[in-house]
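S.K.: If you use the numbering used here, the sequence shown corresponds to residues -8 to 134, in order. Using N, Cα and C, we set each Cβ at its ideal position, and we do this for glycine too. The model shown is predicted, which means the values in this text are computed figures rather than measured ones.
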Amino acid sequence: MVAEVRCKEIADKISSSFENKDCPDLLNDVKSGQVKHFGKSLDLILNDRLSEYDNKTEYYDEGVKTKKRSELHDKMMKLAKPVCATMLKDIQSEILNEFIKKSPQVVKGKQPLDEQALLDHIKPFITKFVQKCQGIAQLFIVV
-8 MVAEVRCKEI ADKISSSFEN KDCPDLLNDV KSGQVKHFGK SLDLILNDRL SEYDNKTEYY
52 DEGVKTKKRS ELHDKMMKLA KPVCATMLKD IQSEILNEFI KKSPQVVKGK QPLDEQALLD
112 HIKPFITKFV QKCQGIAQLF IVV
């Protein structure tokens, strides 16, 4: 019983710090374009917070500790989703603007392409988008 209360208090404190400090800081970095490897940055923050939880709950019941840790992880992932969505929108805008710059005739419909030529033209942009999103996606894929 004591372990459950203390582990919950520790998790709540860490979650609050993640929500009120880490997420806003990361969002500011995203908005200012300072994050090159968003997935790695977020993963580092998550791991730091989970390590902090592990250190502070070291001597409590393993079952309670593990359950509350899992809940903390899930909560932090939910809190991180809006920041991830902002990052994905930025990536999408960047790739779309690049496509428009490099494809003015195609975008305006002045250079009609057959289906295969259009796919060949679009493929590098899709590949670039997928590569830039990979770090984010890996955080949310549960194996």
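Is it buried or exposed, Thr48, if we count other Cβ atoms within 10 angstroms and call 16 or more buried?
M.R.: By the neighbour-count rule (16 or more Cβ atoms within 10 Å), Thr48 is buried.
S.K.: Beta-carbon within less than 6 Å of Glu(-5)'s beta-carbon, same chain only, minus the 5 sequence neighbours each way: which residues are those?
M.R.: Val55
S.K.: Would Leu130 pass as a contact of Leu33 if the rule is Cβ separation under 9 Å?
M.R.: yes
S.K.: Report yes or no: do three or more beta-carbon pairs, one from the region 57 to 74 and one from the region 83 to 93, lie closer than 8 Å?
M.R.: no
S.K.: So Ile5 packs on Arg40, CB below 8 Å; how close in whole Å?
M.R.: 5 Å
S.K.: Quick one: give me the first and last residue of the alpha helix (DSSP H) that Glu62 is part of.
M.R.: 53 to 93
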